[in-house]
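> Using this note's numbering, the first residue of the sequence shown is number 159, and each one after it goes up by one.
Idealized CB from N, CA, C, for every residue including glycine.
Since this is a predicted model, take the numbers as computed values, not measurements.
Right, I'll just put the structure down here and ask away after.
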Amino acid sequence: MSQLGEHSLKRLIILLASLMAMSPLAIDLYLPAMPVMAQDFSTTMPMMQNTLSIYLAGYACGLILFGPLSDINPRRKLAIIGVAGFTLCSFAQIFCQSIEAFFALRFAQAFIVSSALVIIPATIREYYGKNTAKGLSYVSMVMMLAPMIAPTIGSVLLSISGWPLIFIALTSYAVVMLVLVVRFLPEKKQRSPKPKSLEFFSRYKLVFTRKKARTDLLTSMVVSLAFFSYITAIPFVYLSVYQLSEFQFSVLFGVAVFALMTAHFINSRLVTKVGSRAMLNGGLLVAMTFSIALVISTVTHAHIAIFVASLLPLMGSLSVIAVNADALVFSRFKMHLGTATAVIGVLRFGVGALAGPILAFFHDGTATVFASLMFSCIAFIAILQLPTNIRLRKYRQQLKQLS
């Protein structure tokens with residue numbers, strides 16, 4: 159499975175998870191400071207909230223460039239460039255005095271850090287081989303500590319010394335990551351020859367035209383829409399619909415992240431025994447069940463305990479679907495992992511950016527629109543996966559008859 163020893167492999171997983179956490183920290187750490195920053199920048203809250211969309215756009219644009227480059231250039235070099243650029247942008251954000259400057263830095267920050275994060279799935283694939291889904295689950299499980307604690311840390315830092323301290327902390331984390339990447343990230347020479355400029359774009363064509371990967375690519379994309387719908391809608395649902403306090407919101411947000419971590423832990427234990435396809439289908443069954451329960455709880459105005467009891471397993475099952483869909487895609491592109499990662503990332507962030515407009519268009523002051531969108535995503539995935547599952551079932555029946 160790996161040329162590294164068990165201890166070195168565990169250290170690599172922690173390093174990759176910490177590296178992947180940079181983007182969630184950049185997104186979640188300053189959320190509690192948005193109202194204060196809007197005041198300081200003399201702008202509105204909707205404008206501040208658009209800094210999330212700017213970040214997602216920058217990240218998607220970066221993936222388009224750095225995905226294919228990671229297939230033909232040393233991944234360690236790209237990681238160092240990405241973390242160093244992220245560090246500089248985080249430091250510059252400390253001194254921002256206008257929303258326009260903050261927009262520009264957020265875009266640049268996301269664009270450059272994508273060069274570091276795009277190498278993570280390919281690195282896991284190299285060292286975990288056929289157990290890629292297990293490695294991805296380990297990384298995701300550790301990485302999710304960041305969004306679990308980021309809003310709380312941001313609130314504490316804001317109360318101590320104002321919002322610039324948040325970006326001082328983010329810069330400090332980035333500096334530590336830069337040192338760790340330089341010191342511990344292993345280097346492996348790419349096997350792909352350096353391509354001509356035309357071949358750079360042909361790599362994307364190769365990924366999009368691979369029919370066997372298309373269903374799982376679309377599945378990963380739709381799961382992302384569901385995830386970003388949750389991130390976009392849940393503050394309104396908890397704070398406005400259910401009238402919870404900010405502390406209660408932080409607790410429930412952390413509990414949801416814990417549910418995601420638990421799901422990844424379960425996946426890491428079972429996926430090597432039953433395979434990624436079976437885990438994806440299992441997650442889809444759970445997601446369908448609890449997405450229906452979520453819709454019912456909002457339509458009937460059930461107690462918040464019913465809403466949360468439906469939401470937590472739904473979010474956990476979404477993470478199982480996502481990580482196994484990604485692993486199935488990566489298994490089709492052993493020589494083009496960077497490009498495949500870029501395609502997944504661009505589709506995810508591109509479609510994820512639609513969550514806000516969709517929720518705003520259908521907004522009715524209740525949680526039903528959010529719940530309905532979540533159910534719609536799951537139902538669409540079930541339809542996508544149905545032909546594949548029918549083919550696999552027929553194939554197994556044929557094997558039984560032959561044996």
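Pick helix, strand or coil for residue 114, following the three-state DSSP scheme.
With the chain covering only 159 through 561, there is no way to say anything about residue 114.
> When burial is assigned at 16 or more other CB atoms within 10 Å of the CB, is residue 501 buried or exposed?
Working through the sequence shown from its first residue, we reach residue 501 at position 343. Answer is buried; the Cβ neighbour count reaches 16.
> Can you list, in chain order, the residues of its chain whose CB lies under 7 Å from that of residue 309, leaving out five sequence neighbours each side?
Residue 309 sits at position 151 when you count from the first residue of the sequence shown. For residue 309, where only same-chain residues beyond five positions count, the Cβ hits under 7 Å are 186, 189, 190, 408, 411.
> Are the Cβ atoms of residue 316 and residue 324 separated by less than 8 Å?
Walking along the sequence shown from the start, residue 316 turns up at place 158. Walking along the sequence shown from the start, residue 324 turns up at place 166. Cβ atoms of residue 316 and residue 324: closer than 8 Å.
> Between residue 488 and residue 380, how many whole angstroms is the CB-CB distance? I'm expecting something under 8 Å.
Residue 488 sits at position 330 when you count from the first residue of the sequence shown. Residue 380 sits at position 222 when you count from the first residue of the sequence shown. Their Cβ separation, rounded to whole angstroms, is 18 Å, which puts residue 488 and residue 380 out of contact at 8 Å.
> Closest by CA to residue 441, which one among 508, 475, 319?
The residue labelled residue 441 in the question sits at position 283 within the sequence shown. When each option's Cα is compared against that of residue 441, the closest is 475.
> Which same chain residues end up closer than 7 Å to residue 468 when comparing Cβ atoms and leaving out the 5 residues on each side of it in sequence?
For the purposes of this step, residue 468 is taken as the residue at position 310 of the sequence shown. Taken in chain order, the residues that qualify are 448, 451, 452, 455.
> Here's a check: name, in chain order, each residue in its chain whose Cβ is nearer than 8 Å to the Cβ of residue 211, leaving out the five neighbours to either side.
Stepping through the sequence shown from its first residue, residue 211 is reached at position 53. For residue 211, where only same-chain residues beyond five positions count, the Cβ hits under 8 Å are 511, 514.
> Please report the distance separating the alpha-carbon of residue 544 from that of residue 383.
Along the sequence shown, one-based indexing puts residue 544 at 386. Along the sequence shown, one-based indexing puts residue 383 at 225. Whole-angstrom Cα-Cα distance: 20 Å.
> Which residue wins for smallest C-alpha separation from residue 175, given the options 369, 339, 392, 523?
Position 17 of the sequence shown, counted from the start, is the residue given in the question as residue 175. Of the listed residues, the one whose Cα sits closest to residue 175 is 339.
> Apart from the five residues just before and just after residue 251, which ones in its own chain have a Cβ nearer than 6 Å to its Cβ?
Along the sequence shown, one-based indexing puts residue 251 at 93. Excluding residues within five positions, the ones whose Cβ falls inside 6 Å are 263, 325.
> What do you reckon, are the CB atoms on residue 268 and residue 220 nearer than 8 Å?
Counted from its first residue, the sequence shown places residue 268 at position 110. Counted from its first residue, the sequence shown places residue 220 at position 62. The answer is yes: Cβ separation under 8 Å.
> Looking only at its own chain, which residues have a Cβ that is under 7 Å from the Cβ of residue 370, when we skip the five neighbours before and after it?
The residue labelled residue 370 in the question sits at position 212 within the sequence shown. Closer than 7 Å at Cβ, skipping near neighbours: 490.
> I'd like to know whether the C-beta atoms of residue 184 and residue 213 end up nearer to each other than 8 Å.
Walking along the sequence shown from the start, residue 184 turns up at place 26. Walking along the sequence shown from the start, residue 213 turns up at place 55. Yes, the Cβ-Cβ distance between residue 184 and residue 213 is below 8 Å.
> In whole angstroms, give me the CA-to-CA distance for residue 330 and residue 554.
If you number the sequence shown from 1, residue 330 lands on position 172. If you number the sequence shown from 1, residue 554 lands on position 396. Going by the C-alpha atoms only, they are around 54 Å apart.
> Do you know offhand how far residue 351's Cα is from residue 232's?
Counting from 1 along the sequence shown, the entry for residue 351 is found at position 193. Counting from 1 along the sequence shown, the entry for residue 232 is found at position 74. Here the model assigns residue 351 a pLDDT of 49, short of 50, so the residue's position is not dependable, and the following value carries that caveat. When rounded, the distance between both Cα atoms is 12 Å.
> Does the Cβ of residue 533 have 16 or more other Cβ atoms within 10 Å, making it buried, or fewer, making it exposed?
Sequence index remark: in the sequence shown, residue 533 carries index 375 (1-based). Residue 533 is buried by the Cβ-count criterion.
> How many whole angstroms separate the CB atoms of residue 480 and residue 387, which I take to be in contact at a CB cut-off of 8 Å?
Residue numbering aside, residue 480 sits at position 322 when the sequence shown is read from its first letter. Residue numbering aside, residue 387 sits at position 229 when the sequence shown is read from its first letter. So it is not a contact: roughly 14 Å between Cβ atoms.
> Quick one: residues in its chain with C-beta nearer than 8 Å to the C-beta of residue 373, no 5 flanking neighbours on either side, listed in chain order?
Counted from its first residue, the sequence shown places residue 373 at position 215. 542, 543, 545, 546.
> Once you ignore the five residues that flank residue 482 on each side, which residues in its own chain have a CB closer than 6 Å to its CB?
Translated into the one-based positions of the sequence shown, residue 482 becomes position 324. These residues qualify, in order along the chain: 291, 434, 437, 438.
> Which value, in whole angstroms, describes the spacing of the CA atoms of residue 375 and residue 319?
Start at 1 with the first residue of the sequence shown, and residue 375 comes out as number 217. Start at 1 with the first residue of the sequence shown, and residue 319 comes out as number 161. Roughly 44 Å separates the two Cα atoms.
> Of the residues 199, 167, 472, 304, which one's Cα is nearest the Cα of residue 342?
For the purposes of this step, residue 342 is taken as residue 184 along the sequence shown, with counting starting at 1. Answer by Cα proximity: 167.
> Would DSSP call residue 522 helix, strand or coil?
Residue mapping note: residue 522 aligns to position 364 of the sequence shown, counting from 1. Here residue 522 sits in coil by DSSP.
> Mind pulling the alpha helix (DSSP H) runs of 4 or more residues that sit fully within the region 406 to 489?
DSSP runs (the alpha helix (DSSP H)) wholly in the region 406 to 489: 434 to 457, 462 to 488.
> Helix, strand or coil for residue 231, going by three-state DSSP, please let me know.
Counting from 1 along the sequence shown, the entry for residue 231 is found at position 73. In this structure, residue 231 counts as coil in the three-state DSSP scheme.
> Kindly indicate which residue of 304, 202, 271 has the alpha-carbon position closest to the one of residue 228.
If you number the sequence shown from 1, residue 228 lands on position 70. Ranking 304, 202, 271 by Cα distance to residue 228 puts 271 first.
> In this structure, does DSSP put residue 401 in helix, strand or coil?
On the sequence shown, residue 401 is found 243 positions in, with the first residue counted as 1. Correct three-state label for residue 401: coil.
> By Cβ distance below 7 Å, which residues in the same chain neighbour residue 462 in space, the five residues on each side in sequence not counted?
Counting from one through the sequence shown, the residue named residue 462 turns up at place 304. Correct list, in chain order: 400.
> Secondary structure at residue 159, three-state DSSP: helix, strand or coil?
Within the sequence shown, the letter at position 1 stands for residue 159. Model confidence at residue 159 stands at a pLDDT of 47, short of 50, so the residue's coordinates are unreliable and nothing is read from them.
> My assumption, with CB atoms under 8 Å, is that residue 332 sits in contact with residue 244. Please give the rounded CB distance.
Start at 1 with the first residue of the sequence shown, and residue 332 comes out as number 174. Start at 1 with the first residue of the sequence shown, and residue 244 comes out as number 86. With a Cβ gap of about 5 Å, residue 332 and residue 244 count as contacting.
> Tell whether a beta-carbon distance below 8 Å holds between residue 297 and residue 225.
If you number the sequence shown from 1, residue 297 lands on position 139. If you number the sequence shown from 1, residue 225 lands on position 67. Contact: no.
> Assuming residue 199 contacts residue 256 under a Cβ cut-off of 8 Å, what Cβ separation, rounded to an integer in Å, is found between them?
Taking the sequence shown and counting its residues from 1, one reaches residue 199 at position 41. Taking the sequence shown and counting its residues from 1, one reaches residue 256 at position 98. Indeed they touch by this definition, with Cβ atoms about 6 Å apart.
> Using CA coordinates, which residue listed in 478, 426, 471, 389 is at the minimum distance from residue 182?
Counted from its first residue, the sequence shown places residue 182 at position 24. Among 478, 426, 471, 389, the Cα nearest to that of residue 182 belongs to 389.
> Around the C-beta of residue 459, are 16 or more other C-beta atoms found within 10 angstroms, so that it is buried, or is it exposed?
Residue mapping note: residue 459 aligns to position 301 of the sequence shown, counting from 1. Flag for residue 459 reads exposed.
> Within 10 angstroms of its Cβ, does residue 281 collect 16 or more other Cβ (buried), or is it exposed?
Here residue 281 refers to the residue found at position 123 when the sequence shown is read from its first residue. Buried, because 16 or more other Cβ atoms sit within 10 Å of the Cβ of residue 281.
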